[in-house]
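I have placed the structure first, in the form of structure tokens, so that the comments after it can refer back to it.
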């Protein structure tokens, strides 16, 4: 165990902040309910419902409600395979866009979005959004879905680096090429959102 904790921290010269559970260090740890037998086997064989507490950077973020309430605020309660769990998702430097978003609300939004992929793609193909992508619109800020996919030969999704005699970035699609492509709305189909945990997914093994 020390090879991936204390010794690894020493090699990286991070022993003053990582590698062991001590006051003042940045502790990430997981607590499971098994208290007997070989600890390594217990960890490997544990199910998600065996997890009692998860701490990140010394702050308890997930676990049994009774445990979580002892360490500070609980931002959301959850059920994992029928077992009650609690979250603390408060963060001082959280992005304002997601800082107040609960896991339950995020799940609802993702579920809705995946069901409406075709509809959202049609909105993406709207002229205003398309022009914004090409940089020819007066609209300065537009949000759109940018999928990882294979681009035409000779073009790379990332990085877009200056290249050639004109010093133009690589990987850019011309407006003609974009217009000739198959519309995204014709390629997309509704998708179900995967369950957040195996313990809550009755179809996991079959899938």
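Residue numbers (this note's numbering): 7 to 213.
Glycine included, C-beta positions come from ideal geometry on N, C-alpha and C.
- In the DSSP secondary-structure assignment, residue 66 is bridged to 61.
- Counting along the chain, residue 110 sits inside no beta strand (DSSP E); it lies in the alpha helix (DSSP H) bounded by residues 109-121.
- The Cβ atoms of residue 129 and residue 190 do not sit closer than 8 Å to each other.
- As for any alpha helix (DSSP H) of minimum length 4 sitting wholly inside the stretch 66-99, the runs are 71-74, ordered along the chain.
- Taking C-alpha positions only, residue 84 is separated from residue 171 by approximately 57 Å.
- Taking C-alpha positions only, residue 211 is separated from residue 200 by approximately 13 Å.
- The Cβ atoms of residue 99 and residue 81 do not sit closer than 8 Å to each other.
- Boundaries of the beta strand (DSSP E) around residue 36: 35-38.
- When DSSP states are grouped into helix, strand and coil, residue 174 belongs to the strand group.
- Of all C-beta pairs linking the stretch 24-44 to the stretch 60-76, three or more are shorter than 8 Å, placing the two stretches in contact.
- Cβ contact annotation for residue 24 (same chain, cutoff 7 Å, sequence separation greater than five): 15, 31 and 32, in chain order.
- DSSP places residue 21 outside any alpha helix (DSSP H), giving it a letter other than H or E.
- Of the residues 188, 206 and 118, the one whose Cα lies closest to the Cα of residue 197 is 118.
- When secondary structure is reduced to three states using DSSP, residue 45 falls in the helix class.
- Under the three-state reduction of DSSP output, residue 31 falls in the coil class, being neither helix nor strand.
- The shortest CA-to-CA distance from residue 206 to any of 123, 88, 195 and 121 is the one to 88.
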